[in-house]
Amino acid sequence: MLALEKIIASLIMPPGLFVFLFLILALYLFKKSESITIKIIVVLALLFCFFMSTAFGVQLLLHPLENYAERNSVTAFAKHPIVVLGGGVNYYSSDKAKPSVHSLQRLVKGYQLHRKLKTPLIYSGGVAIGQQIISEADAAADFLTSIGMDKSYYISENQAQTTFENAAYLKRWIEDNEIEKVYLVTSAYHILRSAAVFKAQNIDFLIVHSGFIYDHQFSWLDYLPNRGALNANLSALHEWIGLAWYYIRGRI
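No gaps in the numbering here: position 140 of the sequence shown is 265 in my numbering, and each next residue is one more.
This is the structure we're talking about:
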């Protein structure tokens with residue numbers, strides 16, 4: 126009974142609802158339309174929507190990114206500064222903001238390293254586009270203070286708005302403070318692009334990923350359209366497009 130409920134829920138709620146509607150549209154057009162082009166477009170749209178909202182997409186888009194991070198992530202033991210890259214911020218009012226879920230995941234991992242190593246933690250993240258006050262770094266400082274971090278160990282980089290800018294601004298701090306190596310902390314799906322950018326900036330770093338955003342062991346439910354897979358695949362697709370764009374722009 127529960128399995129049937131899950132199947133029905135996957136079809137009546139987005140993104141499953143969109144897949145179902147595309148399927149109905151495809152069947153209708155195959156019966157009524159004589160245009161081959163229209164039929165091809167609607168079938169491709171159906172397949173893309175299904176792919177992006179299921180484990181099929183996760184396997185192809187997300188897992189290569191997260192597996193790369195898992196293979197290259199290290200266990201921290203040397204006393205290097207900890208660099209945490211911003212993953213977004215949620216604004217609640219003109220003077221209140223909190224780190225996003227991805228940022229919190231990265232911050233928790235960075236704080237765990239800090240407690241182990243007792244080295245400085247620098248968080249890189251500026252004011253979100255379209256906002257005017259409160260940077261990601263400010264929101265991160267409030268969160269770290271609330272869980273007990275000594276602010277004397279915290280360093281704010283509150284200008285960067287992209288991964289490329291993360292590396293560019295942090296390079297200045299690293300050179301000014303004559304830092305030899307840092308721990309680079311970010312989400313597993315974000316490691317490949319951020320590592321490529323940091324290498325291009327000639328920054329010496331050790332990878333420490335903060336965790337996965339979707340299962341690596343699937344059940345049959347993962348092959349039904351679901352919001353978790355859609356969100357994960359959109360994040361992964363953003364990374365692949367970002368990698369291509371940075372390569373075209375000569376940033377990696």
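For each residue, glycine too, the CB sits at the ideal point set by N, CA and C.
From this set, R374, K243, E261 and A265, which residue's C-alpha is nearest V322's C-alpha?
R374
Please list the terminal residues of the continuous beta strand (DSSP E) segment that includes N215. V214 to S218
Which residues does DSSP pair with V307 in a beta bridge?
Partner(s): F330.
Backbone CA spacing between S277 and I247 [nearest angstrom] | 11 Å
* Asked: Between T179 and H188, what straight-line distance do the alpha-carbon atoms span, to the nearest angstrom?
  -> 13 Å
ask   = So, does the CB of K241 fall closer than 8 Å to a CB anywhere in chain D?
value = Considering every chain present, this structure includes no chain D. It has just one protein chain.
Worksheet item: Is it buried or exposed for G273, if we count other Cβ within 10 angstroms and need 16 for buried?
Response: exposed
message = My output table needs one value for P189: the three-state DSSP class, helix, strand or coil.
response = helix
Quiz item: Going by other Cβ atoms of all chains shown within 10 Å of its Cβ, with 16 needed for buried, is R231 buried or exposed?
Solution: buried
- Item | Host beta strand (DSSP E) of V209 (start-end) | I207 to L210
message: Pop quiz: G251 and A222 are said to be a contact at Cβ under 8 Å. What is the actual Cβ separation, rounded to whole angstroms?
response: Not confirmed; about 12 Å, so no contact.
Review point. Just the Cα atoms here: how many angstroms apart are Q257 and M138?
Key: 35 Å
Starting from the Cα of A128, find the closest Cα among L349, L355 and A369 and give me that residue. For A128, the nearest C-alpha among the options comes from L349.
Around the C-beta of A369, are 16 or more other C-beta atoms found within 10 angstroms, so that it is buried, or is it exposed? exposed
* To do: Using a threshold of 8 Å, state whether the C-beta atoms of A194 and I332 are closer than that.
  => yes
Discussion item. Taking only three categories from DSSP, how would you classify A262?
Written reply: A262 falls in the helix class under three-state DSSP.
Range covered by the beta strand (DSSP E) that runs through I366 = Taken as a continuous stretch (DSSP letters only), I366 belongs to no beta strand (DSSP E), being part of the alpha helix (DSSP H) at R352 to I373.
Alpha-carbon to alpha-carbon, Y339 and N356: 9 Å
Q | In DSSP terms, what E282 is bridged to | A | Beta-bridge pairing links E282 to S249.
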